[in-house]
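Single-structure report; data block below.
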Amino acid sequence: MPDTVRFTSEGVTCLADLLLPERLPAPGLVIGRGFGGVRAANFKEATYFQQAGYAVLSIDYRTFGDSAGEPRCQAFPLVEVEDFRNALSYLETRSEIDAARLGVWGTSFAGGVALYTAAVDRRVKAVAAQMPIVDGRRWLRSLRSPGEWEDLLAQLDADRRQRYLTGQGAQVLLSGGPGQFSAMPTDDPNMADHFVMLKKTFPTWREDVTLESLERVLEFTPTALVDQIAPRAVCMIAASGVDLVHPLDQIVDAYERCHEPKRLALLPYAGLDLRFDPGWSQALQAAVDWFDEHLSVDR
5 MPDTVRFTSE GVTCLADLLL PERLPAPGLV IGRGFGGVRA ANFKEATYFQ QAGYAVLSID
65 YRTFGDSAGE PRCQAFPLVE VEDFRNALSY LETRSEIDAA RLGVWGTSFA GGVALYTAAV
125 DRRVKAVAAQ MPIVDGRRWL RSLRSPGEWE DLLAQLDADR RQRYLTGQGA QVLLSGGPGQ
185 FSAMPTDDPN MADHFVMLKK TFPTWREDVT LESLERVLEF TPTALVDQIA PRAVCMIAAS
245 GVDLVHPLDQ IVDAYERCHE PKRLALLPYA GLDLRFDPGW SQALQAAVDW FDEHLSVDR
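If you read the sequence shown in the numbering used here, its first letter stands for residue 5, the second for the next number, and so on.
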């Protein structure tokens with residue numbers, strides 16, 4: 005079982021699961037969940053990396069899960085980058101961790117957060133980003149019709165006025181069906197079912213975020229920084245089949261901006277299939293292979 009630990013991120017106490025392998029000191033990984041995600045949903049991935057020989061710190065971002073912070077469910081990408089970086093600082097304090105061999109992993113929106121973290125923090129020697137969101141504005145736009153896009157922008161304007169007048173903004177559902185205003189509208193019933201499953205399975209998972217979060221997402225562009233990761237190692241893992249939530253063209257654009265050493269692992273599945281076997285195991289093994297290559301003892 006993991007140890008529950010605490011680290012401080014810009015004065016806020018964050019909780020995390022720390023999993024240690026048998027052989028110590030070990031290379032360390034910080035891992036995070038996607039948009040609105042909590043660390044409980046990362047337990048399988050954390051265990052997979054631990055069994056591969058890595059010390060793993062799976063974090064709850066500020067305002068999510070068991071971490072402190074108000075108002076709740078503020079999915080601010082650059083704040084999450086800071087949480088990743090402070091989690092790395094925590095790993096550096098642990099004698100069980102080889103601080104010269106640190107990496108980061110994230111899935112979905114956390115994939116973009118992991119890439120951004122690697123770009124701005126030289127302590128990250130290798131990053132693996134699974135189905136990463138790499139351009140917040142293009143991503144939110146790709147999920148919407150022209151009318152839904154204009155509605156989103158109008159609601160963000162109204163929410164900013166409301167926050168100025170009252171100090172309190174609105175909440176928005178993470179995902180909704182056709183005609184329902186949400187962060188990630190979709191016609192795919194599997195996506196809606198996925199979020200229902202997450203809420204039932206993980207008690208700390210919330211089905212909403214602040215509307216202001218989407219305003220911050222519009223300003224988040226990991227693609228603009230990924231060229232700064234080199235000469236450290238970057239791997240992107242994605243599905244080559246249909247994925248309505250993680251646009252492959254945007255991932256390829258970001259990958260092409262990266263310098264060596266780099267790898268793009270395209271797996272023959274639809275997007276959500278990477279969250280279930282056999283796609284899940286293949287995606288995780290692609291990340292382990294990359295970390296083994298660039299965080300090994302010899303290196």
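Here a beta-carbon is modelled for each residue, glycine too, at the ideal position from N, C-alpha and C. Note that the coordinates shown come from a computational prediction; the quantities given were computed from them, not determined experimentally.
For residue j and residue i, the rounded distance between their alpha carbons
i, j, result
"S149", "T190", "10 Å"
"M188", "L147", "7 Å"
"F224", "S99", "34 Å"
"H298", "Q289", "14 Å"
"V9", "E154", "43 Å"
"A291", "R236", "15 Å"
"W209", "D257", "32 Å"
"W284", "R165", "43 Å"
"T51", "L215", "33 Å"
"D247", "W109", "20 Å"
"A30", "G57", "7 Å"
"C18", "G38", "17 Å"
"T97", "V117", "23 Å"
"D302", "G36", "Because D302 carries a pLDDT of 45, less than 50, the predicted location of this residue cannot be relied on, and no value is offered for it."
"K203", "C77", "14 Å"
"V249", "G40", "14 Å"
"A287", "G171", "42 Å"
"L252", "L229", "18 Å"
"P207", "M201", "11 Å"
"Q254", "Y120", "15 Å"
"F88", "D70", "16 Å"
"F11", "R66", "11 Å"
Environment of residue i [buried if 16+ CB atoms lie within 10 Å]
i, result
"G151", "exposed"
"G183", "exposed"
"E84", "buried"
"V138", "buried"
"K129", "buried"
"L169", "exposed"
"E14", "exposed"
"E264", "exposed"
"V176", "buried"
"S217", "buried"
"R141", "exposed"
"F68", "buried"
"V28", "For the sequence presented, residue 28 should be read as Leu rather than Val. With fewer than 16 Cβ atoms within 10 Å of its Cβ, L28 is classed as exposed."
"F280", "exposed"
"R186", "According to the sequence provided, residue 186 is Ser. The question's Arg does not apply to it. The residue is buried, with at least 16 neighbouring Cβ atoms inside 10 Å."
"S112", "buried"
"D7", "exposed"
"G115", "buried"
"Q55", "exposed"
Supposed close pair residue i, residue j - CB separation, criterion 8 Å
i, j, result
"R43", "A79", "The pair is not a contact, with the Cβ atoms about 14 Å apart (cut-off 8 Å)."
"E211", "L178", "6 Å"
"P75", "V221", "About 17 Å separates the two Cβ atoms, so there is no contact after all."
"T227", "R267", "About 17 Å separates the two Cβ atoms, so there is no contact after all."
"G32", "L106", "5 Å"
"L95", "D125", "Not really, about 12 Å apart at Cβ, beyond 8 Å."
Near the ligand COA: residue i beta-carbon under 7 Å from a heavy atom
i, result
"V83", "Although the ligand COA was asked about, the structure shown includes no ligands whatsoever."
Original post:
At what residue ranges does the stretch 141-211 contain a whole run of the alpha helix (DSSP H), taking only runs of 4 or more?
Top reply: Assignment of alpha helix (DSSP H) within the stretch 141-211, counting only whole runs of 4 or more residues, yields 150-170, 193-205 in chain order.
Validate contact between the stretch 62-71 and the stretch 42-54 using beta carbons, cut 8 Å, 3 pairs: The stretch 62-71, when compared against the stretch 42-54, does touch it at the 8 Å Cβ threshold.
- Counting only runs of 4+ residues fully inside the stretch 51-134, write out the alpha helix (DSSP H) ranges in chain order. 81-96, 113-124
Practice item. Only counting runs of 3 or more residues, tell me where the beta strand (DSSP E) segments fall wholly within the stretch 222-287, in order along the chain. Key: 237-243, 266-271
Original post:
Quick check: the stretch 129-136 against the stretch 239-251, are there 3 or more CB pairs under 8 Å?
Top reply: With the cut-off at 8 Å, the stretch 129-136 and the stretch 239-251 touch.
Original post:
Counting pairs of Cβ atoms below 8 Å between the stretch 158-165 and the stretch 272-279, do you hit three or more?
Top reply: no
| task | Spell out a yes or no on whether the stretch 22-42 and the stretch 98-117 are touching, meaning 3 or more CB-CB pairs, one atom from each, closer than 8 Å. | result | yes
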